[in-house]
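So the sequence shown is residues 3 to 272, counted in the working numbering.
The C-beta atom is built at its ideal place from N, Cα and C for all residues, glycine as well.
Heads up, the thing below is written out as structure tokens.
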Amino acid sequence: MIPAAFEYHAPTSIAEAIGLLAQLGDDAKVLSGGQSLIPLMKLRLANPRHLVDINGIPGLTGISEADGFLRIGALTRESELEESDLIRTRYPLLHDTSKVIADPVVRNLATVGGNLAHADPANDHPATMLAMGAEVVAAGRGGERRIPIEAFFTGPFETALRGDVINVYAHSDFGRAFKAFHRDHIAAVNKRTTVIVLGDARNNYNLPHDWVLKEIRQRAKQLIWLNPENRMTWGFGDSEMDHYAPHCSLVEECRNLGQLYRVIDRLVAA
Ligand SMILES: Cc1cc2nc3c(=O)[nH]c(=O)nc-3n(C[C@H](O)[C@H](O)[C@H](O)COP(=O)(O)OP(=O)(O)OC[C@H]3O[C@@H](n4cnc5c(N)ncnc54)[C@H](O)[C@@H]3O)c2cc1C
3 MIPAAFEYHA PTSIAEAIGL LAQLGDDAKV LSGGQSLIPL MKLRLANPRH LVDINGIPGL
63 TGISEADGFL RIGALTRESE LEESDLIRTR YPLLHDTSKV IADPVVRNLA TVGGNLAHAD
123 PANDHPATML AMGAEVVAAG RGGERRIPIE AFFTGPFETA LRGDVINVYA HSDFGRAFKA
183 FHRDHIAAVN KRTTVIVLGD ARNNYNLPHD WVLKEIRQRA KQLIWLNPEN RMTWGFGDSE
243 MDHYAPHCSL VEECRNLGQL YRVIDRLVAA
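Okay, structure coming up:
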């Protein structure tokens with residue numbers, strides 16, 4: 003289980019990393035936490051001739067809120083998400099995601115950027131970021147691109163990255179997600195359909211587009227909302243739960259397996 007020989011590069015700026023990636027082309031791979039790439043190299047399922055280690059580049063870590071966005075630096079470790087008060091209190095879905103990834107040793111090294119860039123369908127962040135309407139910010143030769151998460155994953159283990167280094171912005175925008183659902187799926191909703199929404203309804207002060215829920219409710223058998231936040235916080239700040247709840251046939255607080263089992267029991271019994 004020894005990887006094939008490779009050359010190691012340790013750029014100290016994004017510009018230097020981009021230059022290396024452009025120069026080395028398909029022979030090079032970005033190295034972040036190494037928790038997916040190194041095992042693949044040991045098994046010789048990946049044999050890059052050059053590794054571009056971005057861990058020495060300043061400015062690629064950090065978790066902050068600004069202009070209605072949550073910004074997560076690509077090199078942010080899973081353990082940092084897990085330990086962040088901001089993530090725990092304002093983004094419980096992300097907090098829950100980070101907690102279930104692997105074990106503490108892996109979480110100390112694995113990065114959010116690497117989890118997304120690897121695009122393994124079995125990874126946890128892709129689904130969470132899709133649910134949150136994230137944007138991936140990719141820096142490459144042509145400058146910076148903001149890629150909506152729906153367009154980021156182009157297939158299993160494939161992304162829209164073209165030799166770029168990434169950063170992640172997540173901003174929950176339920177209104178936008180509902181409009182997309184209406185555009186793509188409303189025709190499939192009928193009286194045999196149960197629609198379940200999972201989320202905290204924190205809409206970052208975007209348009210709530212609750213008319214979509216009204217229409218789903220009219221067409222569907224049931225519309226169920228499972229919210230991981232405490233009921234006391236619903237409707238406060240940017241939570242649109244007060245607007246969304248009246249359109250739902252069932253609204254439940256649900257942030258652990260016990261609560262989920264109770265909801266399922268109620269649904270099965272009904
Ligand atoms: C034992 C074990 C259990 C695991 N369990 C889970 C789990 O339960 N859930 C889960 O989601 N994941 C799990 N993982 C995967 C883990 O989260 C990975 O570390 C993660 O998928 C990749 O992140 P990384 O930082 O280690 O990336 P790396 O391994 O360094 O890179 C992975 C890929 O992404 C590319 N890449 C990395 N960073 C960037 C960047 N910033 N820009 C562009 N390309 C980049 C690399 O070139 C490489 O192709 C597990 C891993 C292990 C070893």
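{"Asked": "Any heavy atom of ligand 1 closer than 6 Å to the beta-carbon of V199?", "Found": "no"}
{"Asked": "Where does T130 fall in DSSP's three states?", "Found": "helix"}
{"Asked": "Under a three-way DSSP split, which group does S251 fall into?", "Found": "coil"}
{"Asked": "Who are the Cβ neighbours of V253 in its own chain at under 6 Å, not counting the five residues just before and after it?", "Found": "W227 and A247"}
{"Asked": "Under 6 Å from any heavy atom of ligand 1, does the C-beta of N49 make it?", "Found": "no"}
{"Asked": "With the cut-off set at 7 Å, would you say P158 and P128 are in Cβ contact?", "Found": "no"}
{"Asked": "Given this structure, state the Cα-to-Cα distance separating D28 from G21, to the nearest angstrom.", "Found": "13 Å"}
{"Asked": "How should L62 be labelled, buried or exposed, when 16 other C-beta atoms within 10 angstroms of its C-beta is the threshold for buried?", "Found": "buried"}
{"Asked": "Let me make sure I understand the geometry here. Which of H184, A140 and M43 has the alpha-carbon closest to that of G115?", "Found": "A140"}
{"Asked": "For V191, which residues from the same chain have a beta carbon less than 8 Å from its beta carbon, with the 5 sequence-adjacent residues on both sides left out?", "Found": "V197, I218, R221 and A222"}
{"Asked": "Who are R79's beta bridge partners in DSSP?", "Found": "T113"}
{"Asked": "Just to confirm the assignment, what range does the alpha helix (DSSP H) spanning W213 have?", "Found": "W213 to R221"}
{"Asked": "Looking only at C-alpha atoms, which of L200, N208, W213 and N205 sits nearest to P230?", "Found": "L200"}
{"Asked": "Smallest Cα separation from G135: which of N125, G177 and L111?", "Found": "G177"}
{"Asked": "Looking at the structure shown, is G144 part of a helix, part of a strand, or coil, going by DSSP?", "Found": "coil"}
{"Asked": "Note the first and the last residue of the continuous alpha helix (DSSP H) segment covering L100.", "Found": "It should be pointed out that residue 100 corresponds to Ser in this sequence rather than to Leu. S100 -> alpha helix (DSSP H) spans P94 to V102."}
{"Asked": "Does any C-beta atom of chain B lie closer than 7 Å to the C-beta of A222?", "Found": "The structure shown contains no chain B, having only a single protein chain."}
{"Asked": "Between the C-alpha atoms of S81 and H184, what's the straight-line distance to the nearest angstrom?", "Found": "36 Å"}
{"Asked": "How about E146 and Y171: do their beta carbons lie closer than 7 Å?", "Found": "no"}
{"Asked": "For a test of your reading of the model: does the CB of Q37 fall under 6 Å from any non-hydrogen atom of ligand 1? Yes or no.", "Found": "yes"}
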